[in-house]
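If you use the working numbering, the sequence shown closes out at 1325, no skipped numbers anywhere.
From the three backbone atoms N, C-alpha and C, an ideal C-beta is built for every residue, glycine too.
Computed from a prediction, not measured in an experiment: that's the story for all the values here.
Just below is one structure, and these are the notes that go with it.
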Amino acid sequence: MSALPQFVSKKQNAPEKIPAGGRRRDFSEIYRQFSQERAKEQASRCSQCGVPFCQVHCPLGNNIPDWLKLVSEDRLEEAYRISSATNTFPEICGRICPQDRLCEGNCVIEKGFGSVTIGAVEKYITETAFDMGWVKPPAPERENGISVGIIGAGPAGLAAADILRRKGYEVHIYDRYDRIGGLLIYGIPNFKLEKTVIERRRVLLSQAGIRFHPNFEIGKQATLQELQNRHAAVLIATGVYKARTIDIPDTSLTGIFPALEYLTASNKTCLGDRVPEYENGSLNAKNKHVVVIGGGDTAMDCVRTAVRQGAKKVTCLYRRDRANMPGSQREVSNAEEEGVEFLWLSAPKAFAGNGKIEKILTVKMRMGVQDASGRHSPVAIENSGFDLKADMVIEALGFDAEDIPAAFGAPEITLSRQGTIAVNHATLMTSLSGVFAAGDIVRGASLVVWAIREGRGAAESMDRWLMVQKAT
Ligand code: FAD
Ligand code: SF4
Ligand code: SF4
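Here it is, written out as structure tokens:
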């Protein structure tokens, strides 16, 4: 008789999580790392599917079953080689991919036994590789003397830079921020992704010879045309930053902030910068009744930041129900454990206060009929209004693209109907020859793993295009 598969006898185990009480005032990452024994045990639960749905649903097509098998056999260096062949930043994806919607949510043993904890094993492999000195700067074997410019040092721009540098290009990255990382550094809070993880990568990329130009905003310090004159090809990887706003009375009251302004102030403070708006209390949730409007991952990051800043009460207001929220269920559970109150099926109708926000006039909603996209639209319930006390409101309603052709002085760049940059999907080239685009600025607000995939894809495509230019 054949032995039972390992996933039957070995229970699913996630890495240990710091108890909610301990993490309420602490910005450190909340998940500890697997021990070698635990990583090996969990990796051995994989049944090595012939058609691995985990891999199919990983945007990078990571060769998951192979590296799980190698971990289960203690062959960690080989596991690292395979995992890093398709992913530029596996230690970041292992931490912050919404695995429940991607690889793990599609693992065949998910129903009944609990998926293999793929993300945690991916993080374990890469952290071990860093500890063992297996992670090297992406330096080329030979220089090719061709210069490329990348606008934006977020995950898309950095992933592209890594590939292009390995191929021998002279790579310059321009970013309007003072630090590299894009939303990895100033959007996503430490309790999901500690900033030392980004700094470690910055050092490696610099050691490889990639030239960073911080505090350099295209559209202000240089036009796109000037960059095209300096470089043989240019990649636009600027992300999306125009915060959506809510159209209700009375948004002019003080104490109402866009999510990214709030998170950036908190991240800078955690990095040791002096942020006057944090220090004078305006962008600080301490002792306040904080209401965050929205149900995505940004909203979850805001509520959990407010808890850590010592808010008196933190409430998340979302107009749909829990099942229909866009945020990761794992993050909602983490927020609930940390004491956040969720008001599902509730929408703001008006802000009220005397110069400063004091309360939100709120109405209860019910799920209505499906719209064209298949989503149920929420409908207000008559006479269901109630007041919600608030002395700080954070709007986390999503982001749109800035007007890149106007900002860059490049009206020739064509946009999609959503206002993002339109590209040829096979080459990621924009309507301007030699100018490519990748990441959120192409697909709209999305995920780090998609930005990495597109950055890598754009780099390969730029290389092919540049080699043709060189030959002709
Ligand atoms: P970005 O990361 O936005 O980087 C763009 C860079 O371009 C920035 O550094 C910016 O300063 C620079 N730039 C912009 N304009 C110019 C200019 N004119 N000149 C020079 N530089 C410029 N995804 C996940 O997978 N998991 C998560 O848990 C997660 N949490 C998130 C939490 C928050 C609060 C937010 C806002 C997003 C989150 N995301 C998450 C989404 C993820 O961060 C993005 O999808 C990803 O960072 C997009 O990468 P990018 O490189 O396209 O753009
Ligand atoms: Fe899963 Fe993300 Fe890693 Fe892919 S990159 S295996 S989706 S955690
Ligand atoms: Fe292993 Fe699950 Fe992937 Fe199958 S779907 S190969 S069991 S991780």
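When distances are taken from the beta-carbon of Leu955 to the heavy atoms of ligand 2, the shortest one is below 7 angstroms. Rounded to whole angstroms, the gap between the alpha carbons of Gln895 and Lys864 is 8 angstroms.
In its chain, beyond the 5 residues on either side, Leu913, Gly914, Asn915 and Asn916 have a beta carbon closer than 8 angstroms to the beta carbon of Thr939.
As for any beta strand (DSSP E) of minimum length 3 sitting wholly inside the segment 1021-1052, the runs are 1023-1027, ordered along the chain.
Contact annotation, Ile883 with Asn1236: C-beta distance approximately 41 angstroms; criterion of less than 8 angstroms not satisfied. Spatial neighbours of Arg876 in its own chain (CB-CB distance under 6 angstroms, excluding positions within 5 residues in sequence) are listed in chain order as Ile883. Judged by pairs of C-beta atoms under 8 angstroms, the segment 924-934 does not touch the segment 1301-1321, as fewer than three such pairs exist.
The Cβ atoms of Gly1062 and Gly1035 lie no closer than 8 angstroms to each other. Taking a 10 Å sphere around the C-beta of Pro872, we find fewer than 16 other C-beta atoms and assign the residue as exposed. Relative to ligand 1, Ile1294 has its C-beta within less than 7 angstroms of a heavy atom.
Residue pairing of Thr1215 in beta bridges, as defined by DSSP: Pro1201 and Phe1239.
Annotation: Cys911 to Leu955 spans about 6 angstroms, alpha carbon to alpha carbon. In this structure, Ile1247 keeps its C-beta atom at 8 angstroms or more from the C-beta atom of Phe1044. In this chain, the alpha helix (DSSP H) harbouring Met1320 covers Val1301 to Ala1324. Of the residues assessed, His1278 falls on the exposed side of the cut-off, its CB having fewer than 16 other CB atoms within 10 angstroms.
Within a 10 Å sphere around the beta-carbon of Glu996 sit fewer than 16 other beta-carbons, which makes this residue exposed.
The beta carbon of Asp1224 lies closer than 7 angstroms to those of Ser1230 in the same chain, with the five residues before and after it left out. Per DSSP, the beta-bridge partners of Arg1064 are His1025. At least one heavy atom of ligand 2 falls within 7 angstroms of the beta-carbon of Gly972. Short note on Val1143: C-beta not closer than 7 angstroms to any heavy atom of ligand 3. Each of Glu957, Pro1102 and Glu980 was checked against the Cα of Val909, and the nearest Cα belongs to Glu957. Per DSSP, Val1232 is not a residue of any alpha helix (DSSP H); the beta strand (DSSP E) it occupies stretches across His1229 to Ala1233.
Per the C-alpha coordinates, the member of Gly1005, Asn1120 and Lys1323 positioned closest to Asn1068 is Gly1005. Taking the Cα of Ser1226 as reference, the smallest distance to any Cα among Arg1219, Gly1072 and Asn1177 is reached at Asn1177. For the pair Cys1169 and Leu1198, the CB atoms are not nearer than the 8 angstroms cut-off.
The continuous alpha helix (DSSP H) containing Ser925 extends over residues Ile917 to Ser925.
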